[in-house]
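Novice: Protein chains in written order, with the numbering used here: chain A, 31 to 864; chain B, 20 to 258.
Glycine is no exception: its CB is placed at the ideal position from the N, C-alpha and C atoms.
What follows is a structure written as structure tokens; I'll ask about it next.
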Amino acid sequence: MWFKLALTLFWRELRRGELTIIFAAIALAVLTVFSLSSVTERIRMNIEQKSADFIAADRRLVSNHALNDDYIIEAERLGLNTARQMFFDSMLFANDELVLGSIKAVSNGYPLRGVVKLKDDFAQAEYEVRDVPKSGEVWLSEGMFYSLGLAVGDQVEIGVGMFRASKILVSEPDAPFFSLAGNKRVLLNYTDIEATQAVQPGSRVFYRMLFSGDEALLTDYYGWLKPQLRENQRWQGIKDRQSPLGENLARSESFLLLAGLFGIMLAAVAMAVSAKRYCERQYDPVAMMKTLGGSRATIRNIFLLHLSMVTAFSVSMGIVIGYGLQAVATDYLASFMDTQLPAAGFKPWFLAITIGVVCALMFSLKPLLDLFDIPPLRVLRRNLGDKLAVSRVHMALSVTTIFALMWFFSGELKTTLFLFGGTAILMLVLFGVSRLLFSAGRKLGLSPGSSWSLAIATLQKRANANAVQLISFALAIKLMLFLFVLKNDLISDWQMQVPADAPNAFLININESEVSDIQDFFTQNQITHTEFFPIFRGRANALNGEKFARSASKQEGEEQDEEATRGAGRELNLTWMTQLPDGNEVVDGTWFDADSTELEVSVSRGMAQGIGIEVGDTLTFLVNERSFDAKVTSLRSVDWGSLKPNFVMIFNPPVAGKFPVTYFSAAQFGEGDEKTVSTLLRQHPTVSMIDIKSRLEQAQSMIAQVSLAISFVLAIVLTSGALVLISQVQASLAERMQEIVILRTLGARGRLIKLATLYEFLLLGALAGFVAALVSDVTLLIIQRELFEVDGKLHPYIWALGPASGALFVAAIGYFMVASTMRQNTQGLLRKLA
Amino acid sequence: MSVLSQLNVIQVKGLNKTVSTFEGDLDILSDINFTVKSGESVAIVGTSGSGKSTLLSLLAGLDTGSAGEVFLDGAALHKLDEEERARLRAEKVGFVFQSFMLVQSLTALENVMLPAELAGDSGAKQQASELLEKVGLSHRVSHYPSQLSGGEQQRVAIARAFIGSPKILFADEPSANLDSKNGHLIEKLLFDLNKQNGTTLILVTHDEALARQCDRIIHIEGGQLEKIRDGEGATVHVV
Numbered sequence: 031m032w033f034k035l036a037l038t039l040f041w042r043e044l045r046r047g048e049l050t051i052i053f054a055a056i057a058l059a060v061l062t063v064f065s066l067s068s069v070t071e072r073i074r075m076n077i078e079q080k081s082a083d084f085i086a087a088d089r090r091l092v093s094n095h096a097l098n099d100d101y102i103i104e105a106e107r108l109g110l111n112t113a114r115q116m117f118f119d120s121m122l123f124a125n126d127e128l129v130l131g132s133i134k135a136v137s138n139g140y141p142l143r144g145v146v147k148l149k150d151d152f153a154q155a156e157y158e159v160r161d162v163p164k165s166g167e168v169w170l171s172e173g174m175f176y177s178l179g180l181a182v183g184d185q186v187e188i189g190v191g192m193f194r195a196s197k198i199l200v201s202e203p204d205a206p207f208f209s210l211a212g213n214k215r216v217l218l219n220y221t222d223i224e225a226t227q228a229v230q231p232g233s234r235v236f237y238r239m240l241f242s243g244d245e246a247l248l249t250d251y252y253g254w255l256k257p258q259l260r261e262n263q264r265w266q267g268i269k270d271r272q273s274p275l276g277e278n279l280a281r282s283e284s285f286l287l288l289a290g291l292f293g294i295m296l297a298a299v300a301m302a303v304s305a306k307r308y309c310e311r312q313y314d315p316v317a318m319m320k321t322l323g324g325s326r327a328t329i330r331n332i333f334l335l336h337l338s339m340v341t342a343f344s345v346s347m348g349i350v351i352g353y354g355l356q357a358v359a360t361d362y363l364a365s366f367m368d369t370q371l372p373a374a375g376f377k378p379w380f381l382a383i384t385i386g387v388v389c390a391l392m393f394s395l396k397p398l399l400d401l402f403d404i405p406p407l408r409v410l411r412r413n414l415g416d417k418l419a420v421s422r423v424h425m426a427l428s429v430t431t432i433f434a435l436m437w438f439f440s441g442e443l444k445t446t447l448f449l450f451g452g453t454a455i456l457m458l459v460l461f462g463v464s465r466l467l468f469s470a471g472r473k474l475g476l477s478p479g480s481s482w483s484l485a486i487a488t489l490q491k492r493a494n495a496n497a498v499q500l501i502s503f504a505l506a507i508k509l510m511l512f513l514f515v516l517k518n519d520l521i522s523d524w525q526m527q528v529p530a531d532a533p534n535a536f537l538i539n540i541n542e543s544e545v546s547d548i549q550d551f552f553t554q555n556q557i558t559h560t561e562f563f564p565i566f567r568g569r570a571n572a573l574n575g576e577k578f579a580r581s582a583s584k585q586e587g588e589e590q591d592e593e594a595t596r597g598a599g600r601e602l603n604l605t606w607m608t609q610l611p612d613g614n615e616v617v618d619g620t621w622f623d624a625d626s627t628e629l630e631v632s633v634s635r636g637m638a639q640g641i642g643i644e645v646g647d648t649l650t651f652l653v654n655e656r657s658f659d660a661k662v663t664s665l666r667s668v669d670w671g672s673l674k675p676n677f678v679m680i681f682n683p684p685v686a687g688k689f690p691v692t693y694f695s696a697a698q699f700g701e702g703d704e705k706t707v708s709t710l711l712r713q714h715p716t717v718s719m720i721d722i723k724s725r726l727e728q729a730q731s732m733i734a735q736v737s738l739a740i741s742f743v744l745a746i747v748l749t750s751g752a753l754v755l756i757s758q759v760q761a762s763l764a765e766r767m768q769e770i771v772i773l774r775t776l777g778a779r780g781r782l783i784k785l786a787t788l789y790e791f792l793l794l795g796a797l798a799g800f801v802a803a804l805v806s807d808v809t810l811l812i813i814q815r816e817l818f819e820v821d822g823k824l825h826p827y828i829w830a831l832g833p834a835s836g837a838l839f840v841a842a843i844g845y846f847m848v849a850s851t852m853r854q855n856t857q858g859l860l861r862k863l864a
Numbered sequence: 020m021s022v023l024s025q026l027n028v029i030q031v032k033g034l035n036k037t038v039s040t041f042e043g044d045l046d047i048l049s050d051i052n053f054t055v056k057s058g059e060s061v062a063i064v065g066t067s068g069s070g071k072s073t074l075l076s077l078l079a080g081l082d083t084g085s086a087g088e089v090f091l092d093g094a095a096l097h098k099l100d101e102e103e104r105a106r107l108r109a110e111k112v113g114f115v116f117q118s119f120m121l122v123q124s125l126t127a128l129e130n131v132m133l134p135a136e137l138a139g140d141s142g143a144k145q146q147a148s149e150l151l152e153k154v155g156l157s158h159r160v161s162h163y164p165s166q167l168s169g170g171e172q173q174r175v176a177i178a179r180a181f182i183g184s185p186k187i188l189f190a191d192e193p194s195a196n197l198d199s200k201n202g203h204l205i206e207k208l209l210f211d212l213n214k215q216n217g218t219t220l221i222l223v224t225h226d227e228a229l230a231r232q233c234d235r236i237i238h239i240e241g242g243q244l245e246k247i248r249d250g251e252g253a254t255v256h257v258v
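Pasting the structure below:
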């Protein structure tokens, strides 16, 4: 019997709009989680797929010693795809020309991810293959053909083997991002290594094994492999690799994670507020039902059924809307990016439904228990059961639930703790500050009878309740501001890393005599370029007179990690500069004094930390068998993620003229400049060109993709924030209703009441916005440093944006709600209160 | 059950209600004793704060006394828990309140049916319609409380009070929120239906004229039963 009554009550409550906010809050939590997790999951999978292209595999095993064959056998047994690579340098000989080439021998199957780009002839268009050279053939980079005076199809000697240079190698997916070693690249079939006889005991050779396949299989395989790995063998995925993409990927994931957490936090607050309000509005009907003989069980059944129906309804709605949203968003993204996004799987469904149900249960539980406890005596004593303060149990339950949900969603305890703890401390501080502000406001004297004085009197009278409201307003505004600013910072940061006019090719190995010719060539062909930087090769081999143990030259295949301690004693690209290069910052000591005649050197912080170099130390360098000392005058932070050439060691100008140098420059070639490039390389066969155009385009397109995803996420979080504000204003208006009715009954004009409410909410919104801006900026600084590992900065514009948007938004909602109340006659309002 | 207790539908013996305040215990009611016979109408009168509403809440089992005994149609209210008291109310008691206490999301008809539905009686629709007709609201059955005037809302509340043919009806200032015309209409309706159904009526009011329409009047002052008079004004019992 109660079932029919419960259904009737439910439909009526639904139609009367009593359940709208609670319904919207759960639906929003669900759709936020669903759309966020599916969009981010799909984008993440796509980015990971693309990123995997950069290592030509999902994972790779790297070593400078031969790798055990069992590793491949086991991987294949598990069902993984595999390929092998070996890197070594060898001389190539043809037409009486001898050139040192970087040989990459690859086994069948390579590349496991991504594509190799080839050309059949110099004038022909490039095309993509997923293949390796046939045995007896090699693919050479264009510069190599010029250097050796080869035509496509000619024979070339590598070591003692003879090979046919069958294709022009344009790019391989896993080519080094930027290497000053040049572009004398050779792709060789793995089975032909022996034919070259270039690899002898003691040769410097680097090995890689590539793996791709199902993520679970890779994890299983790593579980098997890990105990056997030796110190010189490293297991890498795309995220382990130091590249702008890897870093951007990690940052965007952090952002999306944060945004998702904020979205959940906001929807949870909206849910907690609206659930409490809904239950409070049921106090009278419940007291009446109890008076009329309704048992506790009946009442419990009725409202639990309501909760289940609201939950089922809103979770389904959330999923439906979320599904639609993510479909639209990913379709848009996919067409924008000209790519196909992989399907997201069951994870978003699971996350969204669980979070929706847990949200609904946990936030309604305490208000519902309070509701079941409403005494029937309330029918005679109307305020019985009213609780002015938020129940501690409700608070504790809500807070614990929010924490658990955040942890569940993110799977990261540290980030969750960090965000959650920060927000909790902030709320406490805010409560204290707002109490102080409101009590200080008492001293403000304004003429009685004006809307302003009524607004301020109301604010003061309700100082405690206002403090709570201020916190939730501030929290919502803070989270919105925070994400807004973070989004702008991240995106502008990325765009700065890869500006649209970034040079897309590096020219290296330019002889001093060629500099002016090339400069003229650039001017004639209207090609923008940077200045020509001097380069010489050398190694630092002693610190304060003490020799470093190891001495080796760097080669492809060896790790590109410039920050690592392995920089000691290694052959380095050295230069001199007068100005500190872009993207570098002096972290210790001072940049070169222009008047100094002594030899000075500036060292990258990573290298300095690795070897223990300090400002004031003396480094001994060995260049062309000549040894010299230089004093360390500064340490620099270097942005290795940028697409610019960076240097571990930079000397001051007095080093000039001591050694023979070559030069390098960076230029921007346009679409149709292929012929110009060919001409340039033909005229200067010793000059090498590193084309990073496709890399740049890939990076730019990925940044555009991630930026769009972030904007989409921001829109969802802003909607959640707006909902919190609406539910808060609605709840606070319900409390204000009595005052409004009394004022109205006493003859206050609607305009006075509307203006007083408008001003009150303006003040409240502005204050909340101000506190939110203050707090956002500080947390932003901390989060950017701790989580994103970038240098944070203050954002003066949000100090205006916070209060202005807060005041505008809160006041607008408050005003419209009061205005709609004012349209009812006083008798109607009184009856509503009865 | 004795014949006497069947006749005495309400029995109050040494009833006390004490509440704790910051300044110590406060006696709201002390040592109240009286009986009400089946079919009788009794008014409880007194000044504001005299304890008359508290007495009503104890008689109806909405609250429990601190000491003493209350029997409602033979059931010892002071020995029942809240659930048992609710069951008893569902079977035997009807209510009319000053503030109508209608459920806003239910129509007039559904509000009248509510007690029957809570008691699990599915055939209440017919009876509810008849009752609404009796109170002159047959044309308003599908209206919501907010669409009804105060007088109409109270008429719905009266119809609700009589559904399930309760043995005892409690009315707390039923006309206090209405203008005098509507107030009188409501009072008349209440007494007429009460007579037709042979219900025992306990009416809390501060309106002497209304009280005089009852068989007996119980005067409460300062939490104590001051005197009991009959409807004509003769004092039948002085404490």
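So which of V771(A), S718(A), R781(A) and V848(A) has the shortest CA-CA distance to F791(A)?
Specialist: V848(A)
Novice: Thinking C-beta only, is V668(A) closer than 8 Å to N614(A)?
Specialist: yes
Novice: Can you name the residues that DSSP bridges to Y237(A)?
Specialist: S93(A) and M116(A)
Novice: Label L711(A) either buried or exposed according to how many other C-beta atoms from any shown protein chain fall within 10 Å of its C-beta, with 16 as the threshold for buried.
Specialist: buried
Novice: Can you list the residues of chain B that L320(A) reaches, using a CB-CB cut of under 7 Å?
Specialist: Going by the sequence as given, residue 320(A) is Lys instead of Leu. Result: A105.
Novice: List in chain order: all unbroken beta strand (DSSP E) runs of 3+ residues lying wholly within the region 657-719 of chain A.
Specialist: 679-681 and 692-698
Novice: Please report the straight-line C-alpha distance between K200(B) and L26(B), rounded to a whole angstrom.
Specialist: So the two alpha carbons sit approximately 35 Å from each other.
Novice: Looking only at C-alpha atoms, which of P231(A), N125(A), G243(A) and F236(A) sits nearest to R89(A)?
Specialist: G243(A)
Novice: Is the separation between the beta-carbon of M116(A) and that of I188(A) shorter than 8 Å?
Specialist: no
Novice: Quick check: what's the CA-CA separation for F694(A) versus N76(A)?
Specialist: 35 Å
Novice: Along the chain, where does the alpha helix (DSSP H) that runs through F622(A) open and close?
Specialist: Counting along the chain, no alpha helix (DSSP H) covers F622(A), and no H or E run does either.
Novice: Is the distance from the Cβ of A297(A) to the Cβ of S750(A) below 8 Å?
Specialist: yes
Novice: Hey, L91(A) and M239(A): beta-carbon distance below 8 Å or not?
Specialist: It is a contact, given that the beta carbons lie within the stated cut-off.
Novice: Any residues in the region 323-343 of chain A with a beta carbon nearer than 7 Å to a beta carbon of chain B? Which ones, in chain order?
Specialist: Cβ contacts with chain B come from G323, G324, S325, R326 and T328.
Novice: I need the straight-line Cα distance from A737(A) to L435(A), nearest angstrom please.
Specialist: Checking the sequence shown, residue 737(A) turns out to be Ser, not Ala. Answer to the nearest angstrom: the Cα atoms are 26 Å apart.
Novice: For chain A, is any of its Cβ atoms less than 8 Å away from the one on E102(B)?
Specialist: yes
Novice: In the DSSP assignment, what residue or residues form a beta bridge with Q266(A)?
Specialist: R90(A)
Novice: Cα separation between S201(A) and V146(A)?
Specialist: In this model, S201(A) and V146(A) are separated by some 6 Å (Cα to Cα).
Novice: Determine the direct distance from the alpha carbon of V112(B) to that of R106(B), and round the result to whole angstroms.
Specialist: 10 Å
Novice: Quick check: is any heavy atom of the ligand GDP less than 7 Å from the C-beta of L81(B)?
Specialist: Absence of the ligand GDP from the depicted structure is noted, as is the absence of any ligand whatsoever, leaving it without description.
Novice: Where does H162(B) sit, in a helix, a strand or coil, going by DSSP?
Specialist: If DSSP states are grouped into helix, strand and coil, H162(B) belongs with coil.
Novice: Give me the residue from A638(A), A786(A), T627(A) and L509(A) with the minimum Cα distance to G293(A).
Specialist: L509(A)
Novice: Helix, strand or coil for G43(B) per DSSP?
Specialist: strand
Novice: Any beta carbon of chain A sitting closer than 8 Å to that of L137(B)?
Specialist: Taking Cβ atoms only, chain A reaches closer than 8 Å to L137(B), which makes this a yes.
Novice: Beta strand (DSSP E) containing R569(A): first to last residue?
Specialist: F563 to L573
Novice: State buried or exposed for W621(A), treating a residue as buried only when at least 16 other CB atoms are found within 10 Å of its CB.
Specialist: Buried, because 16 or more other Cβ atoms sit within 10 Å of the Cβ of W621(A).
Novice: Grouping DSSP H, G and I as helix and E and B as strand, with all else coil, what is N216(B)?
Specialist: Of the three classes helix, strand and coil, the one that applies to N216(B) here is helix, per DSSP.
Novice: Grab me the residues of W41(A)'s own chain with a C-beta within less than 6 Å of its C-beta, minus the 5 sequence neighbours each way, in chain order.
Specialist: none
Novice: What number of angstroms, rounded off, separates the C-alpha of A109(B) from the C-alpha of I56(A)?
Specialist: 36 Å
Novice: Return the first residue and the last residue of the beta strand (DSSP E) that I538(A) is part of.
Specialist: A535 to N541
Novice: So, at 6 Å on beta carbons, what are the nonlocal neighbours of A176(B) in its own chain, with the 5 sequence-adjacent residues on each side left out?
Specialist: V115 and F119
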